[in-house]
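Colleague:
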């Protein structure tokens, strides 16, 4: 279940004889999540949901907001469909080894919604594919501040982005990125392994082993972690 809702807010401006009351209307997009709650995001001036979500029950939404089915069907849904096409094209370009074309699609999407998570990740990956580390670092700085970037639905993207940071030798950024993911998402075997691998590459064998043990506690069958741990115990950091 999904839809658009409005909220009217009155504000008094001016003083004395110039004092008057104005009414502003804001629109919000609500989407039912797996747990039955609704994620509610502000709709921007391009008719797109943006920013971090507030989570409410259906009863709370109906008590606070007014339904706007026409707004959803006429404005918001078409805008969401168009930006989804842009991002999908960008991701196809990345898959096909065309990072410059991917960059153009992601930049176009971000003009419509500067906080679009998939487009932001995609832009960062396009810069990393072109080894434009300064531009990739700016995207990284933005992503670590975006709580929405680390939601479960984006898990594969932040794992991929962290791996590409490491492969480009951006070890401090990769470690900070993994730490932020761990802070917001909790323990995860692949996250722990990626952290360990990055620590191994910067020569911190002790902490690498700690994260490998954490990964194996969560998933004893994670063969890559077992292999790297055996290598570190023998005094080397064999990542093969």
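Residue numbers (full-length UniProt numbering): 1 to 240.
C-beta atoms are modelled at their ideal positions from N, C-alpha and C, and glycine is treated no differently.
Owing to the predicted nature of the structure, the values given are computational and were not obtained by experimental measurement.
1. With H, G and I counted as helix, E and B as strand and the rest as coil, what does DSSP make of residue 115?
2. Along the alpha helix (DSSP H) that carries residue 311, what are the first and last residues, could you check?
3. Report the three-state DSSP secondary structure of residue 9 (helix, strand or coil).
4. Which one of 215, 31, 218 and 45 has the shortest CA to CA distance from residue 112?
5. With distances taken between CB atoms, is the gap from residue 273 to residue 72 smaller than 7 Å?
6. Evaluate residue 99 with the Cβ neighbour count: other Cβ atoms within 10 Å of its Cβ, from every protein chain shown; 16 or more gives buried, anything less gives exposed.
7. Mapping the DSSP letters down to three states, classify residue 187 as helix, strand or coil.
8. In angstroms, rounded to a whole number, what distance separates the CA positions of residue 189 and residue 167?
9. Quick test of the definition: if touching needs 3 or more C-beta pairs under 8 Å, does the stretch 100-119 touch the stretch 74-86?
10. Do residue 182 and residue 128 count as a contact pair if the criterion is CB distance below 7 Å?
11. Identify every residue that forms a DSSP beta bridge with residue 38.
12. Hey, would you say residue 150 sits closer than 7 Å to residue 162, going by beta carbons?
13. When you compare the stretch 191-198 with the stretch 217-233, are there three or more beta-carbon pairs, one atom per stretch, that lie closer than 8 Å?
14. Compute the distance between the beta-carbons of residue 122 and residue 90, then report whether it is under 7 Å.
15. I'd like the list of long-range same chain contacts for residue 175, defined as Cβ closer than 6 Å, with 5 residues on each side in sequence excluded.
16. According to DSSP, what are the bridge partners of residue 24?
17. Please report the distance separating the alpha-carbon of residue 54 from that of residue 130.
18. Please go through the same chain and pick out, in chain order, the residues whose beta-carbon is closer than 6 Å to the beta-carbon of residue 200, but skip the five residues on each side of it.
Modeller: This is what the structure holds:
1. coil
2. With the chain covering 1 to 240 only, the question about residue 311 has no answer from this structure.
3. strand
4. Among 215, 31, 218 and 45, the Cα nearest to that of residue 112 belongs to 45.
5. No statement about residue 273 is possible, as the shown extent of the chain runs from 1 to 240 and does not include it.
6. Label assigned to residue 99: buried.
7. coil
8. So the two alpha carbons sit approximately 20 Å from each other.
9. Contact annotation: the stretch 100-119 touches the stretch 74-86, with at least three C-beta pairs closer than 8 Å.
10. Residue 182 is positioned such that its CB atom lies no closer than 7 Å to that of residue 128.
11. Bridge partners of residue 38: 32 and 56.
12. no
13. Judged by pairs of C-beta atoms under 8 Å, the stretch 191-198 touches the stretch 217-233, as three or more such pairs exist.
14. yes
15. 198
16. 9
17. A direct Cα-Cα distance of roughly 36 Å separates residue 54 from residue 130.
18. 208 and 237
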